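Chain order of the listed sequences is A and B. To convert a position in the first sequence, counted from 1, into this note's numbering, add 187. To convert a position in the second sequence, counted from 1, into this note's numbering, add 187. For each residue, glycine too, the CB sits at the ideal point set by N, CA and C. Owing to the predicted nature of the structure, the values given are computational and were not obtained by experimental measurement. Working notes for the structure below.
Protein chains: 2
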Amino acid sequence: MIKLKITIGYKEGVEDPEGLAVKNSLKLLNFGNVNSVKVLKVYEILIEDTEDAKKEAEEMCDRLLVNPVIHDYRIEMERV
Amino acid sequence: MIKLKITIGYKEGVEDPEGLAVKNSLKLLNFGNVNSVKVLKVYEILIEDTEDAKKEAEEMCDRLLVNPVIHDYRIEMERV
Numbered sequence: 188m189i190k191l192k193i194t195i196g197y198k199e200g201v202e203d204p205e206g207l208a209v210k211n212s213l214k215l216l217n218f219g220n221v222n223s224v225k226v227l228k229v230y231e232i233l234i235e236d237t238e239d240a241k242k243e244a245e246e247m248c249d250r251l252l253v254n255p256v257i258h259d260y261r262i263e264m265e266r267v
Numbered sequence: 188m189i190k191l192k193i194t195i196g197y198k199e200g201v202e203d204p205e206g207l208a209v210k211n212s213l214k215l216l217n218f219g220n221v222n223s224v225k226v227l228k229v230y231e232i233l234i235e236d237t238e239d240a241k242k243e244a245e246e247m248c249d250r251l252l253v254n255p256v257i258h259d260y261r262i263e264m265e266r267v
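Structure below.
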């Protein structure tokens with residue numbers, strides 16, 4: 188089995204609405220020293236062994252997981 | 188500045204609805220070799236230097252970010 192770890196975040200310059208909301212909420216809760224909040228999403232996908240797992244992960248991103256207009260992503264792989 | 192990296196996922200045994208939805212969608216897109224999908228959320232929070240950043244991060248989790256009934260979390264810290 189191969190574990191794909193796909194980490195998705197907003198591109199530099201794209202507003203991160205959830206990060207902004209969390210930052211504001213933390214300020215309201217008196218965490219006054221918060222400077223910025225970024226939110227990332229991680230998909231840990233377990234797949235059967237395959238010849239080209241990297242390519243398959245990229246296809247998953249292109250076809251389902253990532254919006255290339257606003258998201259950056261990176262792929263890590265590990266045999267488990 | 189200190190960068191807190193807080194990673195939140197579902198507890199063992201708690202259903203991960205988004206992971207399940209992504210798994211089903213990947214199957215429909217002919218990624219037949221997908222075995223399981225787990226979704227994690229990562230908050231990267233930049234704060235001003237403080238004496239006890241670990242404790243502050245734990246407080247953020249308790250008071251805002253984490254639902255202890257269903258979530259597990261881990262905290263990493265890095266001076267930046």
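May I ask you to check if the CB of residue i is nearer than 7 Å to at least one heavy atom of the ligand SAH?
i: A:Leu215; result: Although the ligand SAH was asked about, the structure shown includes no ligands whatsoever.
Whole angstroms are fine: how far does the CA of residue j sit from the CA of residue i?
i: A:Ile262; j: A:Gly196; result: 12 Å
i: A:Asn222; j: B:Ser223; result: 36 Å
i: A:Gly219; j: B:Phe218; result: 46 Å
i: B:Cys248; j: A:Thr194; result: 21 Å
i: B:Glu202; j: B:Leu252; result: 19 Å
i: B:Gly206; j: B:Ile257; result: 14 Å
Can the beta-carbon of residue i be found less than 8 Å from the beta-carbon of residue j?
i: B:Lys198; j: B:Asp259; result: yes
Which residues in the same chain as residue i place their Cβ atom closer than 7 Å to its Cβ, once the five residues preceding and following it in sequence are excluded?
i: A:Leu191; result: Ile232, Ile234, Ala240, Ala244, Ile262 and Met264
At least one CB of chain A closer than 8 Å to the CB of residue i: is that the case?
i: B:Ile257; result: no
i: B:Arg261; result: no
i: B:Met247; result: yes
Any beta-carbon of chain B closer than 8 Å to the one on residue i?
i: A:Val201; result: no
i: A:Asn254; result: no
i: A:Val209; result: yes
i: A:Val267; result: no
i: A:Glu264; result: In the sequence under discussion, the amino acid at residue 264 of chain A is Met, which differs from the Glu named in the question. Output row for A:Met264: interface = no.
Sorted by chain position, which residues of the same chain lie with C-beta nearer than 8 Å to residue i's C-beta, five sequence neighbours on each side aside?
i: B:Met188; result: Leu233, Ile234, Glu235, Asp236, Arg266 and Val267
i: B:Asn284; result: Absent from the model: residue 284 of chain B. The displayed extent of chain B is 188 to 267, so no value can be given.
Might you give, ordered along the chain, the residues of its own chain that have their beta carbon closer than 6 Å to the beta carbon of residue i, omitting 5 neighbours on each side?
i: A:Ala208; result: none
Spell out a yes or no on whether the stretch 208–216 of chain B and the stretch 232–239 of chain B are touching, meaning 3 or more CB-CB pairs, one atom from each, closer than 8 Å. no
With contact counted as at least three CB pairs below 8 Å, one residue from each stretch, are the stretch 220–227 of chain B and the stretch 224–234 of chain A in contact? yes
Residues of the stretch 225–241 of chain A in Cβ contact with chain E at a cutoff of 7 Å, in chain order, please. Chain labels in this structure do not include chain E; the protein chains are A and B.
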